[in-house]
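Residue numbers (our numbering): 28 to 472. Even glycine gets a Cβ: it sits at the ideal position worked out from N, Cα and C. Note that the structure is a prediction, hence the values are computed from the model and not measured.
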């Protein structure tokens with residue numbers, strides 16, 4: 028088996044583990060009476076993303092080969108997520124928040140660092156086999172998104188009727204989809220165990236032979252926080268955090284919102300209301316395709332305008348949720364899924380390029396770490412805690428179905444308003460002059 032194929036399988040499994048529950052867990056939590064805690068579950072991903080990747084990065088540098096640590100981390104994460112599913116199965120709607128949250132937190136604490144570990148493992152193996160990472164890694168990483176999508180679709184269409192497993196691609200009376208139950212955690216855990224075993228087949232990634240050892244401060248990129256002294260970088264990082272607020276909101280709340288339409292007679296038989304995860308998977312397809320558009324848009328419009336496009340896309344993402352439905356308004360949901368690719372990719376990639384262009388090479392990696400902490404760490408955590416408070420007030424505090432729907436629409440409108448406000452202020456405050464030549468030469472930095 029070729030090196031690239033082996034790494035493609037690694038990437039596929041890496042993100043399939045996550046895709047099995049990331050967009051459907053909120054639906055399960057709502058069904059067992061823990062809807063008010065959805066924000067906390069998703070915020071935990073942001074919290075552990077602030078420090079766990081740095082800690083495991085030091086361990087991989089000093090003591091344990093990256094591919095071995097990757098496997099160990101996936102094993103612990105898999106045990107944690109299987110325990111989450113088992114606890115949910117045993118206790119049903121009586122599941123205690125603290126125990127479920129504990130098992131889940133252990134899992135994500137060891138899963139989130141594996142994203143960086145799998146990347147560094149792939150980079151190292153490609154380089155040691157004389158492959159150009161810039162040329163060969165992106166197609167490998169694309170299969171990670173494909174794995175995420177396939178896992179989403181599986182938990183959507185897989186389920187059971189009276190305890191008997193089946194696949195259902197249309198509305199079937201009595202069918203209980205995995206996206207609504209604890210089974211999604213089992214799917215993730217099984218994939219994690221498979222990936223744990225698979226890492227033993229990967230080439231060894233040597234630990235660093237350098238006598239210069241990174242400290243936790245270095246790994247966290249704390250030196251790069253000196254960039255906040257520069258006005259433009261400080262403004263950029265602050266807006267990165269503000270945009271990061273939006274990142275996890277639809278992961279946590281899109282599925283329970285769309286599925287909730289089943290409780291309204293008008294939409295009870297609607298395909299989208301019964302297949303929310305499959306509908307949401309259009310977002311990941313769009314994410315994959317929009318990556319191909321980035322080089323053209325960056326060269327034609329420049330970094331600032333591309334970032335503004337991403338912010339406007341977040342406004343549309345939430346705004347279309349606020350006014351759409353799975354019936355006649357299904358096209359609004361579909362359009363919301365499509366613009367997600369622009370919202371997610373355009374800011375992440377253009378923001379990363381801006382950091383690369385504006386920082387000295389000696390702290391460039393640390394600066395990228397700060398960018399990730401501000402978006403996926405602090406921003407996503409604050410976003411889910413804030414979104415949780417809003418949804419709890421307008422939705423889960425209501426018992427009437429129609430009042431809940433109204434609450435959902437108000438919540439999405441608030442999220443859209445926030446995204447629009449960030450867009451307007453960013454356009455006015457952030458100063459950047461487009462230089463196409465500088466972008467073309469970025470690979471030389």
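Candidates the options: closest to residue i by CA position
i	options	result
residue 137	96, 260 and 230	96
residue 88	151, 377 and 373	151
residue 299	358, 273, 119 and 182	358
residue 174	404, 364, 296 and 315	315
residue 164	184, 258, 36 and 203	36
residue 279	83, 233 and 71	71
residue 131	149, 372, 406 and 45	45
residue 301	313, 352, 257 and 225	352
residue 176	51, 290 and 398	51
residue 313	362, 350 and 323	362
residue 168	181, 149 and 297	149
residue 260	459, 49 and 40	459
residue 60	74, 121 and 293	121
residue 296	433, 355 and 322	355
residue 456	321, 258 and 435	258
residue 290	431, 436, 142 and 100	431
residue 347	366, 255, 338 and 337	366
Three-state secondary structure (DSSP) of residue i
i	result
residue 28	coil
residue 149	helix
residue 313	helix
residue 187	strand
residue 36	helix
residue 164	helix
residue 68	helix
residue 192	strand
residue 204	strand
residue 470	Annotation note: pLDDT 43 at residue 470 (below 50); position unreliable, coordinate value reported separately. Residue state, collapsed to three classes: helix.
residue 60	coil
residue 214	helix
residue 390	coil
residue 253	helix
residue 42	helix
residue 50	coil
residue 197	coil
residue 258	helix
residue 233	coil
residue 375	helix
residue 157	coil
residue 209	coil
Beta carbon of residue i nearer than 8 Å to that of residue j
i	j	result
residue 76	residue 111	no
residue 211	residue 114	no
residue 30	residue 156	yes
residue 216	residue 108	yes
residue 32	residue 128	no
residue 208	residue 189	no
residue 105	residue 219	yes
residue 334	residue 374	yes
residue 183	residue 305	yes
residue 124	residue 64	yes
residue 226	residue 98	yes
residue 402	residue 267	yes
residue 197	residue 38	no
residue 205	residue 214	yes
residue 317	residue 368	yes
residue 482	residue 434	Lying outside 28 to 472, the shown extent of the chain, residue 482 is not represented and no answer is given.
residue 90	residue 232	no
Supposed contact pair residue j and residue i - C-beta distance, whole angstroms, cut 8 Å
i	j	result
residue 443	residue 345	4 Å
residue 394	residue 251	4 Å
residue 410	residue 311	At roughly 19 Å, the Cβ-Cβ gap does not stay under 8 Å, so residue 410 and residue 311 are not in contact.
residue 171	residue 42	4 Å
residue 94	residue 194	Actually they are not in contact, since the Cβ atoms of residue 94 and residue 194 sit about 34 Å apart, beyond 8 Å.
residue 423	residue 62	5 Å
residue 330	residue 380	6 Å
residue 73	residue 407	4 Å
residue 338	residue 446	6 Å
Near the ligand GTP: residue i beta-carbon under 7 Å from a heavy atom
i	result
residue 282	Annotation note on the ligand GTP: not contained in the displayed structure, which lists no ligands.
**Asked** Unbroken alpha helix (DSSP H) runs of length 4 or more, entirely within the region 398–462: which are they?
**Response** As for any alpha helix (DSSP H) of minimum length 4 sitting wholly inside the region 398–462, the runs are 407–418 and 428–456, ordered along the chain.
**Request:** Could you tell me which uninterrupted alpha helix (DSSP H) segments, each at least 4 residues in length, are contained entirely in the region 86–138, listed from first to last along the chain?
**Result:** DSSP runs (the alpha helix (DSSP H)) wholly in the region 86–138: 93–118.
**Request:** Tell me the start and end of each unbroken alpha helix (DSSP H) in the region 273–345 that is at least 4 residues and wholly inside, in chain order.
**Result:** 276–286, 298–301, 303–317 and 321–328
**Request:** Could I get the ranges of all uninterrupted alpha helix (DSSP H) runs contained in the region 346–370, with 4 residues as the minimum, in chain order?
**Result:** none
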